[in-house]
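A short write-up of the structure that comes next.
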Amino acid sequence: DAAWFAGALMREWPQRSGVADGVWQGSGPSLLAFYAASLVSHPQWRLPVDDGLVSQVRTRLIRQMGQRNSESTLYQKMLAQVANQYADMRLADMTADTDASRLFSTDEVVPGMFTRQAWEQAVQPAIEKVVAERRDEMDWVLSDTKQPAAQSTSPEALRARLAERYFADFSGAWLDFLNSLRWQRAATLSNAIDQLTLMADVRQSPLVALMNTLSVQGRTGQTGEAIADSLVKSARQLFNRDNSPVIDQRSGARGPLDATFGPVLALLDNRDGGTPTSRLSLQTFLTRVTQVRLRLQQVTNATDPQAMTRLLAQTVFQGKAVDLTETRDYGSLVAAGLGQEWSGFGQTLFVHPMEQAWQQVLTPAAESLNAQRRSAVVEDWNSAFGGRYPFKNTSSEVSLPLLAKYLNSETGRIARFLQTRLNGV
1 DAAWFAGALM
11 REWPQRSGVA
21 DGVWQGSGPS
31 LLAFYAASLV
41 SHPQWRLPVD
51 DGLVSQVRTR
61 LIRQMGQRNS
71 ESTLYQKMLA
81 QVANQYADMR
91 LADMTADTDA
101 SRLFSTDEVV
111 PGMFTRQAWE
121 QAVQPAIEKV
131 VAERRDEMDW
141 VLSDTKQPAA
151 QSTSPEALRA
161 RLAERYFADF
171 SGAWLDFLNS
181 LRWQRAATLS
191 NAIDQLTLMA
201 DVRQSPLVAL
211 MNTLSVQGRT
221 GQTGEAIADS
231 LVKSARQLFN
241 RDNSPVIDQR
251 SGARGPLDAT
261 FGPVLALLDN
271 RDGGTPTSRL
281 SLQTFLTRVT
291 QVRLRLQQVT
301 NATDPQAMTR
311 LLAQTVFQGK
321 AVDLTETRDY
331 GSLVAAGLGQ
341 EWSGFGQTLF
351 VHPMEQAWQQ
361 VLTPAAESLN
371 AQRRSAVVED
381 WNSAFGGRYP
391 FKNTSSEVSL
401 PLLAKYLNSE
411 TGRIARFLQT
421 RLNGV
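The sequence shown begins at 1 in the UniProt record's numbering and counts up by one.
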């Protein structure tokens, strides 16, 4: 188009060296239009292609576009589009119709844009839109097949990086929320029993409702194993049984949140992958909590609850395992198995309930144990050695044979008291 060529070039070339401005402005458009119209019949007039100059211009344009549409800017733009479309998730939203305030609480929330619904309905389409717009901008700049776009600037790479950033923020938002949970303190043993009852009731348990929510949210972005891939893998295992792993860690659905939510999802996995004693699971933990609750109810319903409480604590002090201590240890294993990222969450939901119940049992038992210690050791010790050297600066010395009756590491009164009363501590 000779007219367009002349107008465009005059705007970019308003002055010409050695030619008066008035002359150039008057004759320049017609000369350039003649040049453009005559190129078809005079191809020798064309300027030689400067590949170096074209490459420099292309590089400069890509750099300018990258500054204007940096990955961070694109990501923030994408989040801004969906930030106000979904309400923040609070603890009450995650625990359905259960009364979570009786067990645990937090004032934190999860931003609505970091939920499975937001990902599937808004965030994923927004990323596709951003990638498509970026592709349209880059195509005309990088159209030279001799110099294809770098792998890092490809739409697929951009899509992957944006999704990776989103799921990193997704994980962080949920971890911050879950680690902020705090267990409600029980003032009495009866209150602790009520908490354990609610906790282990599958139909009304806030813990079960919360874990069900995590099961849904933790699988955001997951893709199942393709049927063809599954058949190929089965065939390989059939012919390579000796080299097949006992447990296939890569089987089943896989997703971008596996690294973060994997330990929690493993607690909810009810597939036959081991016996209750060999695999930690939420179901086993709740069963043990129920056993503890029944044992503690027997204590409180006894004719003399204080005596039953002391007897239960003394059983533990003597090194005999009971439901309470076994479940406490199991809860500690569950919390440790979740990993450092989930430490606050694990301690709150799996350690503190059992520790609190144990403290309610321990307090009255400790008073009784101190009274036994005073009767069995302290009073006789003070009577035999009080006011004697080396416990007091006097000329009257203690009897070494009598002192040995107390201090002998095997048969002494102190050793016997520890063996009979505190062998399990």
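Heads up, the beta-carbon is just placed ideally off N, CA and C, and yes, glycines get one too.
These figures come from a predicted structure and were not determined experimentally.
Exercise. Does the distance from the C-beta atom of aspartate 256 to that of phenylalanine 167 stay below 7 Å?
Worked result: A quick correction: the sequence has proline, not aspartate, at residue 256. Result yes, Cβ atoms of proline 256 and phenylalanine 167 sit closer than 7 Å.
Exercise. What is the DSSP secondary structure of glycine 274, counted as helix, strand or coil?
Worked result: Summary for glycine 274: the model assigns pLDDT 46, below 50, so the residue's position carries little reliability; its value from the coordinates is reported in the next sentence. The answer is coil: DSSP assigns glycine 274 none of H, G, I, E or B.
Exercise. Does the Cβ-Cβ distance between tyrosine 330 and arginine 388 come in under 7 Å?
Worked result: Cβ atoms of tyrosine 330 and arginine 388: not closer than 7 Å.
Exercise. Where valine 82 and alanine 132 are concerned, what is the direct C-alpha to C-alpha distance, given to the nearest angstrom?
Worked result: One C-alpha to the other measures close to 17 Å.
For this session: Can you tell me the Cβ-Cβ gap for alanine 357 and leucine 324, rounded? I've got them flagged as a contact below 8 Å.
Result: That belief holds up - the Cβ atoms of alanine 357 and leucine 324 are roughly 7 Å apart, short of 8 Å.
For this session: Would you give the residue range spanned by the alpha helix (DSSP H) that arginine 328 belongs to?
Result: Note, arginine 328: alpha helix (DSSP H), 323 to 338.
Problem set entry | Residue burial classification, proline 401 (beta-carbon count within 10 angstroms, cutoff 16) | Here proline 401 is exposed: its Cβ has fewer than 16 other Cβ atoms, across all protein chains shown, within 10 Å.
Problem set entry | Inter-residue Cα distance where the pair is aspartate 88 and phenylalanine 345 | Whole-angstrom Cα-Cα distance: 20 Å.
Problem set entry | Range covered by the alpha helix (DSSP H) that runs through asparagine 382 | Under the DSSP assignment, asparagine 382 falls in the alpha helix (DSSP H) whose first and last residues are 379 to 385.
Problem set entry | Proximity of valine 378 and arginine 413 at Cβ, strictly below 7 Å | No, these two residues do not count as a Cβ contact at 7 Å.
Exercise. Can you give the beta carbon distance from threonine 309 to valine 361, rounded, assuming they're within the 8 Å contact cut?
Worked result: About 6 Å separates the two Cβ atoms, so the contact holds.
For this session: Consult DSSP for proline 148 and reduce its assignment to one of helix, strand or coil.
Result: Caution applies to proline 148, whose pLDDT of 49 falls short of 50 and renders its modelled position unreliable; the value that the coordinates give is listed next. Coil at proline 148, not helix or strand.
Problem set entry | Per-residue burial, valine 19 [other beta carbons within 10 Å of its own, 16 or more giving buried] | Valine 19 sits exposed, since fewer than 16 C-beta atoms from the chains shown fall within 10 Å of its C-beta.
For this session: Output the boundary residues of the alpha helix (DSSP H) element that contains arginine 219.
Result: For arginine 219, no alpha helix (DSSP H) run applies, since DSSP gives it neither H nor E.
Problem set entry | Inter-residue Cα distance where the pair is proline 364 and glutamine 306 | Each residue's alpha carbon lies about 7 Å from the other.
Exercise. Which partner residues does phenylalanine 177 have in the DSSP bridge list?
Worked result: According to the DSSP secondary-structure assignment, phenylalanine 177 is paired through a beta bridge with no residue.
Problem set entry | Separation of tryptophan 342 from alanine 335, as counted between CA atoms | Approximately 8 Å, taken between the alpha carbons.
Exercise. Going by other Cβ atoms of all chains shown within 10 Å of its Cβ, with 16 needed for buried, is leucine 47 buried or exposed?
Worked result: Its Cβ having fewer than 16 others within 10 Å, leucine 47 is exposed.
Exercise. Based on the DSSP secondary-structure assignment, which residues constitute the bridge partners of tyrosine 389?
Worked result: Per DSSP, the beta-bridge partners of tyrosine 389 are Glu397.
Problem set entry | Distance, alanine 163 Cα to threonine 95 Cα | CA-to-CA, the gap between threonine 95 and alanine 163 works out to about 28 Å.
Problem set entry | Neighbour flag for leucine 214 against chain B, beta carbons, 7 Å | Annotation note: the requested chain B is absent from the structure, which comprises a single protein chain.
Exercise. Between the Cα of threonine 284 and the Cα atoms of Ala266, Asp380, Thr300, which residue gives the shortest distance?
Worked result: The residue among Ala266, Asp380, Thr300 with its C-alpha nearest the C-alpha of threonine 284 is Ala266.
Problem set entry | threonine 260 - containing alpha helix (DSSP H), residue span | Here the alpha helix (DSSP H) through threonine 260 covers 258 to 268.
For this session: Taking leucine 32 and alanine 6 to be in contact with their CB atoms under 8 Å, please state how far apart those CB atoms are, rounded to whole angstroms.
Result: Right, their Cβ atoms sit about 4 Å apart.
Exercise. For glycine 339, which of Ser399, Glu367, Ala80, Phe261 has the nearest alpha-carbon?
Worked result: Of the candidates Ser399, Glu367, Ala80, Phe261, the one whose C-alpha sits nearest the C-alpha of glycine 339 is Phe261.
Exercise. With DSSP run on the structure shown, which of helix, strand or coil describes serine 27?
Worked result: The DSSP-derived three-state label of serine 27 is helix.
Exercise. Run through DSSP, which three-state label would threonine 213 get?
Worked result: Three-state DSSP puts threonine 213 in a helix.
Exercise. Is the beta carbon of leucine 103 sitting closer than 7 Å to the one on glutamine 195?
Worked result: Contact: yes.
Exercise. Taking the alpha carbon of alanine 259 as the point to measure from, which residue in Arg279, Ser281, Thr220 has its own alpha carbon closest?
Worked result: The option with the nearest alpha carbon to alanine 259 is Thr220.
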